[in-house]
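Structure, as structure tokens:
2 protein chains.
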Amino acid sequence: MAVIKRLNPLDWTFLAAETRESMMHVGALMPFTPPADAPPDLFRRLMDEIRAEAKAYPPWNLKLRHPGLLAHPLQSWVEDEHFDVEYHIRRSALPSPGDERELGILVSRLHSHSIDFHRPPWEVHFIEGLEGGRFAMYFKVHHALVDGYTGIRLLSRSLSDDAGDRDKPMFFALKPPAREAKPAGGAPTLEHLLGLVRQQAGTTRNITRALSHTLSRRRGALVAPMQAPRSILNSKISRNRRFATQQFGVERLKKVAHRHGGTLNDLVLALCGGALRRLLAELGALPAQPLTAMLPVNIRPKDDPGGGNAVGAILASLGTDIADPVERFRAIVASTREAKEQLQGMTAAGIMQYSSLLMAPMLLSQIPGAVGRVRPAFNLVVSNVPGPNKPLYFRGCRMDAYYPLSIPFHGYGLNITVVSYIDTLNFGFIGCRDTVPHLQRLAVYSRDALEELEQAGA
Amino acid sequence: MAVIKRLNPLDWTFLAAETRESMMHVGALMPFTPPADAPPDLFRRLMDEIRAEAKAYPPWNLKLRHPGLLAHPLQSWVEDEHFDVEYHIRRSALPSPGDERELGILVSRLHSHSIDFHRPPWEVHFIEGLEGGRFAMYFKVHHALVDGYTGIRLLSRSLSDDAGDRDKPMFFALKPPAREAKPAGGAPTLEHLLGLVRQQAGTTRNITRALSHTLSRRRGALVAPMQAPRSILNSKISRNRRFATQQFGVERLKKVAHRHGGTLNDLVLALCGGALRRLLAELGALPAQPLTAMLPVNIRPKDDPGGGNAVGAILASLGTDIADPVERFRAIVASTREAKEQLQGMTAAGIMQYSSLLMAPMLLSQIPGAVGRVRPAFNLVVSNVPGPNKPLYFRGCRMDAYYPLSIPFHGYGLNITVVSYIDTLNFGFIGCRDTVPHLQRLAVYSRDALEELEQAGA
Numbered sequence: 001m002a003v004i005k006r007l008n009p010l011d012w013t014f015l016a017a018e019t020r021e022s023m024m025h026v027g028a029l030m031p032f033t034p035p036a037d038a039p040p041d042l043f044r045r046l047m048d049e050i051r052a053e054a055k056a057y058p059p060w061n062l063k064l065r066h067p068g069l070l071a072h073p074l075q076s077w078v079e080d081e082h083f084d085v086e087y088h089i090r091r092s093a094l095p096s097p098g099d100e101r102e103l104g105i106l107v108s109r110l111h112s113h114s115i116d117f118h119r120p121p122w123e124v125h126f127i128e129g130l131e132g133g134r135f136a137m138y139f140k141v142h143h144a145l146v147d148g149y150t151g152i153r154l155l156s157r158s159l160s161d162d163a164g165d166r167d168k169p170m171f172f173a174l175k176p177p178a179r180e181a182k183p184a185g186g187a188p189t190l191e192h193l194l195g196l197v198r199q200q201a202g203t204t205r206n207i208t209r210a211l212s213h214t215l216s217r218r219r220g221a222l223v224a225p226m227q228a229p230r231s232i233l234n235s236k237i238s239r240n241r242r243f244a245t246q247q248f249g250v251e252r253l254k255k256v257a258h259r260h261g262g263t264l265n266d267l268v269l270a271l272c273g274g275a276l277r278r279l280l281a282e283l284g285a286l287p288a289q290p291l292t293a294m295l296p297v298n299i300r301p302k303d304d305p306g307g308g309n310a311v312g313a314i315l316a317s318l319g320t321d322i323a324d325p326v327e328r329f330r331a332i333v334a335s336t337r338e339a340k341e342q343l344q345g346m347t348a349a350g351i352m353q354y355s356s357l358l359m360a361p362m363l364l365s366q367i368p369g370a371v372g373r374v375r376p377a378f379n380l381v382v383s384n385v386p387g388p389n390k391p392l393y394f395r396g397c398r399m400d401a402y403y404p405l406s407i408p409f410h411g412y413g414l415n416i417t418v419v420s421y422i423d424t425l426n427f428g429f430i431g432c433r434d435t436v437p438h439l440q441r442l443a444v445y446s447r448d449a450l451e452e453l454e455q456a457g458a
Numbered sequence: 001m002a003v004i005k006r007l008n009p010l011d012w013t014f015l016a017a018e019t020r021e022s023m024m025h026v027g028a029l030m031p032f033t034p035p036a037d038a039p040p041d042l043f044r045r046l047m048d049e050i051r052a053e054a055k056a057y058p059p060w061n062l063k064l065r066h067p068g069l070l071a072h073p074l075q076s077w078v079e080d081e082h083f084d085v086e087y088h089i090r091r092s093a094l095p096s097p098g099d100e101r102e103l104g105i106l107v108s109r110l111h112s113h114s115i116d117f118h119r120p121p122w123e124v125h126f127i128e129g130l131e132g133g134r135f136a137m138y139f140k141v142h143h144a145l146v147d148g149y150t151g152i153r154l155l156s157r158s159l160s161d162d163a164g165d166r167d168k169p170m171f172f173a174l175k176p177p178a179r180e181a182k183p184a185g186g187a188p189t190l191e192h193l194l195g196l197v198r199q200q201a202g203t204t205r206n207i208t209r210a211l212s213h214t215l216s217r218r219r220g221a222l223v224a225p226m227q228a229p230r231s232i233l234n235s236k237i238s239r240n241r242r243f244a245t246q247q248f249g250v251e252r253l254k255k256v257a258h259r260h261g262g263t264l265n266d267l268v269l270a271l272c273g274g275a276l277r278r279l280l281a282e283l284g285a286l287p288a289q290p291l292t293a294m295l296p297v298n299i300r301p302k303d304d305p306g307g308g309n310a311v312g313a314i315l316a317s318l319g320t321d322i323a324d325p326v327e328r329f330r331a332i333v334a335s336t337r338e339a340k341e342q343l344q345g346m347t348a349a350g351i352m353q354y355s356s357l358l359m360a361p362m363l364l365s366q367i368p369g370a371v372g373r374v375r376p377a378f379n380l381v382v383s384n385v386p387g388p389n390k391p392l393y394f395r396g397c398r399m400d401a402y403y404p405l406s407i408p409f410h411g412y413g414l415n416i417t418v419v420s421y422i423d424t425l426n427f428g429f430i431g432c433r434d435t436v437p438h439l440q441r442l443a444v445y446s447r448d449a450l451e452e453l454e455q456a457g458a
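As given, the protein sequences belong to chains P and A, one line each in that order.
The numbering used here applies: residue 1 is where the first sequence begins, and numbers increase by one.
The numbering used here applies: residue 1 is where the second sequence begins, and numbers increase by one.
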């Protein structure tokens with residue numbers, strides 16, 4: 001077993017944080033519509049084709065050298081010499097009627113199972129039995145191997161923008177791409193941000209010191225870290241997940257956002273805020289103070305004349321204390337505008353330092369026993385990430401949507417990640433089944449929140 | 001959270017032994033055929049009816065007080081005040097064509113997932129999509145809550161021997177039965193035997209001492225503990241399981257067994273031996289010495305004039321070194337006969353002491369690092385347990401078979417348990433996916449082994 005590579009400190013962190021309850025894998029759910037001329041045994045043919053791939057390339061053939069001790073100080077990746085394609089590529093089916101609800105239940109369940117660290121830590125499930133002869137692909141990978149954003153980029157190499165292209169190799173059977181130039185500033189993902197924060201903050205001791213420093217000089221107008229109210233979202237999580245999805249057309253969203261004087265991103269927050277207000281009220285758990293969300297954003301720092309971007313974190317109110325949908329939307333717009341202005345007044349180094357401070361409590365919460373003692377800096381993460389902008393096909397089957405599954409953490413039991421695909425926004429609501437009961441209602445309620453705002457200005 | 005009961009030492013042992021790889025849950029797979037007049041939405045109706053059950057009774061509503069530390073010295077059972085029936089009763093479906101192979105794959109996968117110890121440690125999966133409009137029930141329970149034998153007894157309280165009885169409550173919604181008189185000697189199950197051995201042996205130190213005592217005075221003719229050859233079955237296991245099933249008619253088996261001068265139980269061993277010889281030869285891993293199996297058996301001790309039974313363990317050769325099927329069968333018959341004679345010559349206390357010694361290496365293997373150092377006392381466990389002797393129905397649906405799933409241990413990666421149902425024997429082959437590759441072939445090869453013996457004497 002030749003060591004292929006050592007783990008970098010961030011990847012190592014994701015292994016060290018893994019427990020039975022707090023699992024550090026990410027995922028994606030992609031429903032597909034087969035072409036009109038699809039043979040009746042399409043699924044079996046696809047499986048046979050895929051499992052016939054002879055070889056897996058890095059990173060897909062890498063497994064841990066010390067699977068029994070994840071936090072081993074010399075942990076590294078080695079090649080799996082017995083790569084077992086049948087293990088990694090699986091078939092599943094939905095019980096009748098194969099609707100979105102049943103799909104959500106199955107994916108929730110698949111995402112609740114921990115990864116086997118004795119093998120390359122990823123799985124793909126082909127799920128048949130969706131209404132209308134459709135199928136779905138659920139992809140799961142441990143964050144220590146690749147982050148969600150990179151995983152998707154690699155996975156999409158199996159997809160084609162040509163519906164006629166029916167024999168692209170599976171992603172794991174493709175040679176790794178030549179090192180790509182990273183886009184300046186990177187994508188505004190939670191994962192990217194966690195990486196930067198880790199680099200910035202260094203050890204836990206440094207984080208603690210920096211955090212207490214901030215608290216002593218916090219400012220007034222902004223949503224400051226310690227203003228987040230306590231809520232059911234911010235307790236210790238258990239092992240099981242719930243997952244729900246929602247898809248909206250971008251044009252429809254933009255129209256509503258602009259009419260009420262905000263951006264598309266503001267509207268994303270407003271749909272989350274409206275849905276959360278209703279769910280928490282139903283559960284008798286709505287805090288008097290507004291919930292606050294942390295958003296990774298791309299910001300142009302004041303010391304970068306070249307117009308480069310930096311990834312930073314802002315805190316925004318979700319206006320969950322406000323009953324009127326339009327007023328709630330305006331409160332959100334005001335809070336994001338102020339947060340962004342503040343960030344734009346900083347240097348690149350300042351943005352990073354500020355973001356680190358915002359995220360420090362999240363990192364601290366992962367230390368055993370800390371949840372409940374460390375007050376949450378924010379109530380949840382809402383991420384809005386750019387995705388593919390043209391239709392993609394898997395061997396002639398059209399990808400209908402692309403729903404991300406991010407990581408619930410101890411103290412942060414709900415995550416909402418949004419990915420754009422062609423002219424839609426795709427919401428993935430993922431949370432702890434116990435601390436966020438009835439999470440699946442958020443998908444329905446976010447649609448209702450949109451309709452409310454549509455009707456309010458019509 | 002009122003403590004309902006402390007764990008007894010044996011139950012505690014099963015918790016303490018639980019790891020990511022070595023999981024101590026047992027299960028059962030039961031395929032059903034719906035009645036001819038079943039409505040098309042039968043499965044959904046059944047689920048709705050079952051999930052409408054208002055309340056769960058002990059032991060089904062009990063969860064661990066200390067789920068984060070399974071081996072907690074004061075571990076106990078407490079009532080789950082938020083019993084979530086949707087969590088415990090699940091729906092699944094088979095991918096097309098819904099044959100035995102797909103069923104085996106799904107159940108292997110379900111059995112590979114560890115139990116959530118933050119809830120009552122059991123699950124029932126209704127699996128639809130079996131060929132011919134059939135469905136299956138897969139039941140899973142942690143051995144610390146109930147042993148497999150008891151679990152099935154309780155589960156079968158939901159079943160009826162009357163096809164017209166369509167509203168028996170689900171097992172978890174039935175009040176616990178009044179304490180039943182235990183049959184003398186108990187059932188010859190591995191679990192029963194483990195319990196007795198634990199009582200007898202006490203601490204690990206005692207087991208070690210007793211074991212070294214035996215080794216110094218072992219006898220000649222019998223299969224003695226240390227004669228088991230090293231084999232791929234006897235290494236450290238990993239997390240994933242494979243499960244395969246086979247069903248034979250008892251009359252057919254008896255005819256073959258008697259023609260060749262053995263018992264039904266001898267034939268069970270011969271089918272296992274024939275199948276294992278072929279699989280191991282294909283894998284290039286057939287030991288030169290015969291594999292030996294440990295069997296829990298009911299024996300009449302010589303000091304019990306009342307004809308009571310004791311449960312003991314015998315070792316039998318599986319004749320895997322012999323190419324000819326009839327000769328192999330005769331070797332097995334000779335070895336079980338001698339083993340039983342030896343046991344019958346002992347007092348009840350002697351039987352227990354001997355059985356403890358046989359099983360000691362199995363218990364020792366569960367100590368971290370011991371596998372590979374402690375030589376296996378035997379290569380695998382083969383259990384043959386009496387089951388229901390008349391047809392059972394679940395709300396009008398006839399149970400077609402009853403397949404048990406026992407526990408693979410470190411050092412004992414394959415378990416074969418056989419349960420009788422009406423006029424059939426139902427084989428459950430369960431093993432570690434990695435240490436016993438292609439385990440599912442054993443189901444096919446056991447049938448071939450039967451045909452060989454049928455033709456040999458015809």
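Ideal placement from N, C-alpha and C gives every residue a C-beta, glycine not left out.
Using the beta-carbon of each residue, which ones in chain A are nearer than 7 Å to residue i?
i, result
"P:G129", "A93"
Over what stretch of residues does the alpha helix (DSSP H) that includes residue i continue unbroken?
i, result
"A:A244", "No alpha helix (DSSP H) holds A:A244; the beta strand (DSSP E) holding it covers R241 to G249."
"P:L414", "That residue, P:L414, is in no alpha helix (DSSP H); its beta strand (DSSP E) goes L414 to Y421."
"P:V326", "P325 to Q344"
"P:G148", "G148 to L155"
"A:R51", "L42 to R51"
"A:N265", "L264 to E282"
"P:E100", "E100 to H111"
"P:A449", "R441 to A456"
What did DSSP end up calling residue i once you bin it into helix, strand or coil?
i, result
"A:A181", "Note on A:A181: pLDDT 47, under 50, position unreliable in the model; the coordinate value appears next. Coil, per DSSP."
"A:F378", "coil"
"A:W483", "For chain A, the structure presents residues 1 to 458; residue 483 of chain A sits outside this window and is missing."
"P:M24", "coil"
"P:K175", "coil"
"A:S158", "helix"
Could you list which residues in chain P have their beta carbon closer than 8 Å to that of residue i, in chain order?
i, result
"A:N240", "Y87 and D116"
"A:S96", "D41, F43, R44, A93 and E128"
Take residue i as the anchor and find which of the options has the nearest alpha-carbon.
i, options, result
"P:G413", "P:Y421, P:L392, P:D400 and P:L439", "P:L439"
"P:P177", "P:L194, P:R157 and P:P169", "P:R157"
"P:A293", "P:N234, P:K140, P:P34 and P:G164", "P:N234"
"A:V79", "A:L70, A:R65, A:L291 and A:Y87", "The residue asked about is misnamed: residue 79 of chain A is Glu in this sequence, not Val. For A:E79, the nearest C-alpha among the options comes from A:R65."
"A:L267", "A:K255, A:R277 and A:R278", "A:K255"
"P:A17", "P:S231, P:A144, P:Y87 and P:W60", "P:A144"
"P:L155", "P:A163, P:F139, P:C397 and P:E102", "P:F139"
"P:G345", "P:L425, P:D303, P:I322 and P:L315", "P:D303"
Between the beta-carbon of residue i and the beta-carbon of residue j, is there less than 8 Å?
i, j, result
"P:L318", "P:L358", "no"
"P:P325", "P:G274", "yes"
"A:S446", "A:L271", "yes"
"P:F243", "P:L405", "yes"
"A:V124", "A:H88", "yes"
Could you work out which residues of chain A lie near residue i, taking near to mean beta carbons separated by less than 8 Å?
i, result
"P:H113", "H113"
Tell me where the beta strand (DSSP E) around residue i begins and ends.
i, result
"P:F117", "Note, P:F117: premise wrong, no beta strand (DSSP E); not H, not E."
"A:E131", "That residue, A:E131, is in no beta strand (DSSP E); it is neither H nor E in DSSP."
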